[in-house]
Amino acid sequence: MKQKRVVIVTGGSAGIGKTIAQQFAQVGEQVFIAGRNTDHLLQASDEIVRQTGTAVGTCVADISQVDACRALIEDIAQKAGRIDVLVNNAAQFDFGEALGFPPERWQHIIATNVSGAFYCAQAFAQHAVQQKSGGCIINISSIAAKLSVPGYFAYAASKAALDNLTQSLALEWAQYGIRVNGVAPGHTNTAGIRKAVHAGELDQRAIESATPLGRLAEPEEIADLVFFLASDKAKYITGQTILIDGGRSVDGRFSRK
């Protein structure tokens, strides 16, 4: 019988992260979700257990802090005895024009979306090299890394950096049997997106109109791709960031009817 893998999902208490965690739990993997809010983590864990029947561990961690990233990986490695899959999903979003964007807000986005992903990946890789078992890292990027939108520059820049990090780490760590890939979703039907639409911050009709497939992504579709990349079916794939955006990024027309 194949040994169940140990999976860490950062930013796992809501949205895409929670759905990814649920996908792994559904097949009985040993899953840990990490986030900053204890109550949200426990609520997500309880919900996943109800849906899958598989217990999910929780870890409070602020991914923008290097010590927290290292402690997270070390803690789970000690509890579970090994780590097989890391999904770097934790991210911060901030909207604002570049001309007056405050340094502290820029630094926070970079600290979470780029540095935090790297420090978690680095600590994971150190354990993987130690246990000589290889492993799989999946970085959750965004269509924003490929498309420029006014006001999104900080988030977009962080995700573009993450895409390059994915390539660089894949190249360096292939010798250890560690695969590193990315998944770049377009707008996805999460509570966060629905809240932004309700508040008038996003125009769902405009997004759907600009998307060749004519709709938002569903979180389960993103989770399916992550699950595939972590599986043996993708064991010859590394260094790739796959866009899952309904065709939005390849439509170069000036307008769509």
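Each residue of the sequence shown is one higher than the one before, counting from 5 in this note's numbering.
In this text, a Cβ means the ideal position worked out from N, Cα and C, and glycines have one as well.
Would Lys75 pass as a contact of Trp110 if the rule is Cβ separation under 7 angstroms? What you label residue 75 is simply residue 71 of the sequence shown in a count that begins at 1. What you label residue 110 is simply residue 106 of the sequence shown in a count that begins at 1. Correcting the residue type first, residue 75 is Ala in the shown sequence and not Lys. Result no, Cβ atoms of Ala75 and Trp110 do not sit closer than 7 angstroms.
Quick one: what's got a C-beta closer than 6 angstroms to Arg183's C-beta in the same chain, skipping five residues either side? Numbered from its first residue, the sequence shown carries residue 183 at position 179. Cβ neighbours of Arg183 beyond the five flanking positions: Cys140 and Thr242.
Name, in chain order, the residues that DSSP records as bridge partners for Leu90. The residue given as residue 90 occupies position 86 in the sequence shown. Partner(s): Ile12 and Ile141.
Select from Ala127, Gly155 and Ala148 the residue whose C-alpha is nearest the C-alpha of Leu173. Here residue 173 corresponds to residue number 169 of the sequence shown, with the count starting at 1. Among Ala127, Gly155 and Ala148, the Cα nearest to that of Leu173 belongs to Ala127.
Would you identify the three-state DSSP class for Gly61, choosing helix, strand or coil? On the sequence shown, residue 61 is found 57 positions in, with the first residue counted as 1. Three-state DSSP puts Gly61 in a strand.
For the alpha helix (DSSP H) that contains Ala160, what are its first and last residues? Position 156 of the sequence shown, counting from 1, holds the residue named residue 160. Per DSSP, Ala160 belongs to the alpha helix (DSSP H) from Phe157 to Trp177.
Can you tell me which of Asp79, Lys239 and Ile24 puts its alpha carbon nearest to the alpha carbon of Ile52? Counting from 1 along the sequence shown, the entry for residue 52 is found at position 48. Ranking Asp79, Lys239 and Ile24 by Cα distance to Ile52 puts Ile24 first.
If you compare alpha carbons, which of Trp177, Ile211, Ile147 and Ser152 is closest to Ile248? Taking the first residue of the sequence shown as 1, we reach residue 248 at position 244. Among Trp177, Ile211, Ile147 and Ser152, the Cα nearest to that of Ile248 is on Ile147.
Which residue from Ala115, Ala129 and Lys136 puts its Cα closest to that of Ser68? As a working mapping, residue 68 is identified with position 64 in the sequence shown. With distances taken between Cα atoms, Ser68 lies closest to Ala115.
Between which residues of its own chain and Leu206 is the CB-CB distance below 7 angstroms, once the five residues before and five after are set aside? One-based indexing of the sequence shown puts residue 206 at position 202. Closer than 7 angstroms at the Cβ level, and outside the excluded window around Leu206, lie Ile197 and Ala200.
Determine the extent of the beta strand (DSSP E) in which Gly186 is found, giving its start and end residues. Locating residue 186 in the sequence shown gives position 182, counting from the first residue. Where Gly186 is concerned, the enclosing beta strand (DSSP E) stretches over Ile182 to Pro189.
Mark Arg252 as exposed unless 16 or more other C-beta atoms lie within 10 angstroms of its C-beta, in which case mark it buried. Reading the sequence shown from its first residue, position 248 is the one you call residue 252. It counts as buried.
If we call anything under 7 angstroms between Cβ atoms a contact, is Ile20 one with Ile226? Taking the sequence shown and counting its residues from 1, the one referred to as residue 20 is at position 16. Taking the sequence shown and counting its residues from 1, the one referred to as residue 226 is at position 222. A contact, by the Cβ cut-off of 7 angstroms.
Nearest to Ile142 by alpha carbon, out of Ala29, Ala238 and Thr42? Translated into positions along the sequence shown, residue 142 becomes position 138. Comparing Cα-Cα distances from Ile142 to each of Ala29, Ala238 and Thr42, the minimum goes to Ala238.
Have a look at Phe232 and Pro223 and give me their C-alpha separation to the nearest angstrom. Residue numbering aside, residue 232 sits at position 228 when the sequence shown is read from its first letter. Residue numbering aside, residue 223 sits at position 219 when the sequence shown is read from its first letter. Rounded to whole angstroms, Phe232 to Pro223 spans 14 angstroms at the Cα level.
Sequence ranges, beta strand (DSSP E) only - wholly within the stretch 30 to 77, length at least 3: 34 to 39 and 60 to 64
Identified DSSP bridge partners for Leu247: For the purposes of this step, residue 247 is identified with residue 243 of the sequence shown, where counting begins at 1. DSSP lists Ala188 as partners of Leu247.
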